[in-house]
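Chains as they are written, first to last, in our numbering: chain C, 1 to 729; chain Y, 1001 to 1119.
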């Protein structure tokens, strides 16, 4: 009992026994492979198929109900199997056109007898230009080994491998070479998880597939776990997660990717046999094909193969026409010209291809990295979203832009890469359209998002608050930044003025300090709160919600470390500018806490009193913290600068020297003081009463000639946070 | 060095010449070529013939036209081009020379006509 199927063969419907059909299919496949490098192979195959179809029709006309195994066997016997052809035409018969290549023909013969004859690029087995496999053929080793070496040279040698490859690509002539190895490393598409690398290795070494899988997966899994724990517990964020890019697991990950690229997939039956090192002949192919057909994947793979064959046929045809054109042109111009012409064309073609692949590779790689960064930074960026986005539409646009604008190219790129690796050359048109239109939607979302966010930053409002300053009798003011009660732990987003973030509030330290010349003889301090918003009202509301305190205690002004933005206010680039106006010939000292807790570039030394509008229209002169400056008609000047050029002002010089001496002492003490303070418990007021603080107090008294109560002056040497508490009380 | 190899080498050399001689006589269908050669006891597989014809056609020595067939798909009938005819006459003279030379050497006698060898 046999199953009979109907096939469409050369435009005829032929009823054929299923087994006979399999035999026929294998036969055609074997012919295809045999003639793979023949010019006009499709025509040959077509002719043969035509003839077979004719013979089938004859059989059916004789009254047979269907084509049987026996018929197919008889036809195959009369057509001849590829093995039989060899006896008759080991070398191509001469025709006029081929006489031109007589030299090459002797080559062919030579290489078939002595495969190590000369170095060629292999036209049969190539990923880019067949250079590696040609080299491997020459050296009689597995092409995969050469490819891996090339990949390593490229990665390690900063592109030297690429250059070498391109040069070889140009220099070496292409030639279809048959493999001279019994066993080759392939990726095994059956039972693959990612790329079939492990499965292929297992087949090559004839070991259980779990062994290479375990070797690859275990460090990666362990790495991932430690990486996740590391992230969770340390709140550390690394834009390039160490899961993938560091350590042993990372090395294996990269190794896997390289292997995936360089090892060819075992597509045809003969590949699969070579993978296991079995002898490739028609019988063993038949056995393996039948085995394969029993598998579930069989059919799908066949389809893929057909698809591939078609694509190859198309490209072959194109190549042939192009070559034929070039050759016919060159034949007129003489053999020498022909060589030059095709050589040059070849080189240009190769360079174009290499360039295209290079650019495409970079784009794909960049997108891949971007996706990775987005995925892994998602957790960190996610809370920020609520502070930035307002309303349904912005959220929608944000998600659309994320998924479509960034995600689609990445997926498309990966798809392309996988297809490229797996050898499918043509792509589905509709897939391309789908990707394209999704990406366009993503682009629109992205633009809408940008526009909509931009609109939220349309208007800027500014609120100026004057802070009343008790004029310090010493003629000197010190600016410090208070320590805060929350211990801030930073993430990567700590820059950009964002100090920290929690569920419903964002703490910004977008705070600048500016020192200007006072109009009168008094110190003035004022703060300006800025915020953006959709319209003036909202911007003003946002600015009004900034709570930023500046306190004075004695001659010290304490600045808050940052201010809080609640989730319903949202991040609208709120900022605070604190301006200290110093009157003529009065002094100012900016504590290093300002330097440390705000950041350098946010402290400006402006010569004039104007509102700052842009970030960079202020020429901030270089200055140092913990150094006393004095206001002169020309702006602020360092006090200790004068020490260097001795003959300035005798009187003031003397005073300054004294001052400096004192200041040195004080600075040292202060440093000691502040470092110790940090270690102390914040609410321990007892810490105030330490010996050197009293010294300090004395120094200050001497210096200013002012009498202050012990209690009050000691407060100024509390830790800044204690100071705040004290004032609050 | 085995005999079969040498034999096939010998046959191979004349194969193209024989096929061209058959086609020269008029439009012909490939399986007719096979039949005719079989009759002359010169066996060739169809799988060998088709590539050979394609190659000759690509070299513009042969041309073909489609002929509707009652027994199946349309058939390709091959005929010689002008270039092919010139090519054939070159081969013919080479063959004559070769046959004479071979005969002279093997028979150690008079040269004879190539027609004895050629169908």
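We put the CB at the ideal spot given by N, CA and C, even for glycine.
Check whether the Cβ atoms of residue 533 (chain C) and residue 434 (chain C) lie closer than 8 Å to each other.
-> No, Cβ-Cβ distance for residue 533 (chain C) and residue 434 (chain C) is not below 8 Å.
How about residue 1002 (chain Y): is its C-beta nearer than 8 Å to some C-beta of chain C?
-> Residue 1002 (chain Y) does not count as touching chain C.
Helix, strand or coil at residue 1092 (chain Y) according to DSSP, with G and I counted as helix | Reduced to three states, the DSSP call for residue 1092 (chain Y) is helix.
Straight-line CA distance for residue 35 (chain C) to residue 77 (chain C)?
-> Inter-residue distance for residue 35 (chain C) and residue 77 (chain C) is about 18 Å (C-alpha atoms, whole angstroms).
Which of the three DSSP states, helix, strand or coil, is assigned to residue 68 (chain C)?
-> DSSP places residue 68 (chain C) in coil when its eight states are reduced to three.
Can you check DSSP and say which residues form a bridge with residue 553 (chain C)?
-> DSSP output for residue 553 (chain C) lists C:556 as bridge partner(s).
Can you give me, in chain order, the residues of the region 17–32 of chain C that have a beta carbon less than 8 Å from any beta carbon in chain Y?
-> Taking 8 Å as the Cβ-Cβ cut-off, the region 17–32 of chain C approaches chain Y at 31, given in chain order.
Report yes if the C-beta distance between residue 1054 (chain Y) and residue 40 (chain C) is below 8 Å; otherwise report no.
-> Yes, Cβ-Cβ distance for residue 1054 (chain Y) and residue 40 (chain C) is below 8 Å.
Taking Cβ-Cβ distances shorter than 8 Å, what residues in chain Y pair up with residue 79 (chain C)?
-> Those within 8 Å of residue 79 (chain C) in chain Y are 1045, 1046, 1047.
Look at the Cβ atom of residue 589 (chain C), then the Cβ atom of residue 628 (chain C), and state whether they are nearer than 8 Å.
-> Taking 8 Å as the Cβ cut-off, residue 589 (chain C) and residue 628 (chain C) qualify as a contacting pair.
Taking Cβ-Cβ distances shorter than 8 Å, what residues in chain Y pair up with residue 47 (chain C)?
-> Within chain Y, the residues near residue 47 (chain C) are 1030, 1050, 1053, 1054, 1076.
Taking Cβ to Cβ, would you say residue 583 (chain C) is nearer than 8 Å to residue 520 (chain C)?
-> In this structure, residue 583 (chain C) places its C-beta atom within 8 Å of the C-beta atom of residue 520 (chain C).
Going by CA-CA distance only, name the one from C:28, C:38, C:410, C:206 that's closest to residue 370 (chain C).
-> Of the candidates C:28, C:38, C:410, C:206, the one whose C-alpha sits nearest the C-alpha of residue 370 (chain C) is C:410.
List the endpoints of the continuous alpha helix (DSSP H) containing residue 1030 (chain Y).
-> From DSSP, the alpha helix (DSSP H) with residue 1030 (chain Y) extends over 1030–1039.
Please name the residue, chosen from Y:1105, Y:1084, Y:1027, Y:1090, that lies closest to residue 1060 (chain Y) on a Cα-to-Cα basis.
-> Taking only the C-alpha atoms, the option nearest residue 1060 (chain Y) is Y:1084.
Min CB distance residue 63 (chain C) to chain Y below 8 Å = Not one chain Y Cβ lies under 8 Å of residue 63 (chain C).
Short check: CB of residue 396 (chain C) to CB of residue 438 (chain C), under 8 Å?
-> Their beta carbons are not under 8 Å apart, which means residue 396 (chain C) does not touch residue 438 (chain C) by this criterion.
Grab the span of the alpha helix (DSSP H) containing residue 1013 (chain Y) for me, first residue to last.
-> 1003–1024 is the extent of the alpha helix (DSSP H) around residue 1013 (chain Y).
Would a C-beta distance cut-off of 8 Å place residue 1034 (chain Y) and residue 1062 (chain Y) closer than the cut-off?
-> No.
CB of residue 535 (chain C) within 8 Å of CB of residue 459 (chain C), strictly = Against a cut-off of 8 Å, the Cβ pair of residue 459 (chain C) and residue 535 (chain C) comes out as a contact.
Three-state class that DSSP yields for residue 537 (chain C) in the structure shown | Residue state for residue 537 (chain C) is assigned as helix, using DSSP reduced to three classes.
Can you tell me the Cα-Cα spacing of residue 1007 (chain Y) and residue 85 (chain C), whole angstroms?
-> Answer to the nearest angstrom: the Cα atoms are 14 Å apart.
Please report how far the alpha carbon of residue 1051 (chain Y) lies from the alpha carbon of residue 1041 (chain Y), in whole angstroms.
-> Straight-line measurement puts the Cα of residue 1041 (chain Y) at about 21 Å from the Cα of residue 1051 (chain Y).
Name the chain C residues that come within less than 7 Å of residue 1121 (chain Y), Cβ to Cβ?
-> With chain Y represented from 1001 up to 1119, any question about residue 1121 (chain Y) goes unanswered, as that position is not in the structure.
What residues from chain Y crowd round residue 83 (chain C), counting only those whose CB sits closer than 9 Å?
-> What residue 83 (chain C) touches in chain Y: nothing, since even the nearest Cβ is about 10 Å away.
Give a yes or no on whether the minimum CB-CB distance between residue 1058 (chain Y) and chain C is below 8 Å.
-> Cβ-Cβ to chain C under 8 Å: yes for residue 1058 (chain Y).
How many Å lie between residue 515 (chain C) and residue 581 (chain C) at the Cα?
-> Taking the Cα positions, residue 515 (chain C) is about 6 Å away from residue 581 (chain C).
Which term fits residue 538 (chain C), buried or exposed, when burial requires 16 or more other beta carbons within 10 angstroms of its beta carbon?
-> Counting Cβ neighbours within 10 Å, residue 538 (chain C) comes out buried, since at least 16 surround it.
Does the distance from the CB of residue 562 (chain C) to the CB of residue 463 (chain C) come in under 8 Å?
-> No, Cβ-Cβ distance for residue 562 (chain C) and residue 463 (chain C) is not below 8 Å.
Under the three-state reduction of DSSP, which class applies to residue 1100 (chain Y): helix, strand or coil?
-> Residue 1100 (chain Y): helix per DSSP, three-state reduction.
Could you please give me the residues that DSSP links to residue 7 (chain C) through a beta bridge?
-> Answer is C:14, bridged to residue 7 (chain C).
What are the start and end residues of the beta strand (DSSP E) that includes residue 508 (chain C)?
-> Counting along the chain, the beta strand (DSSP E) containing residue 508 (chain C) begins and ends at 505–508.
Where the beta strand (DSSP E) through residue 48 (chain C) begins and ends | First-last for residue 48 (chain C): 41–61, but that is the alpha helix (DSSP H), not the beta strand (DSSP E).
For the region 65–77 of chain C against the region 15–27 of chain C, are there 3 or more C-beta pairs whose distance is under 8 Å?
-> Flag = yes, the region 65–77 of chain C and the region 15–27 of chain C touch.
So with Cβ pairs under 8 Å, would you call residue 166 (chain C) a contact of chain Y?
-> At a cut-off of 8 Å between beta carbons, residue 166 (chain C) makes no contact with chain Y.
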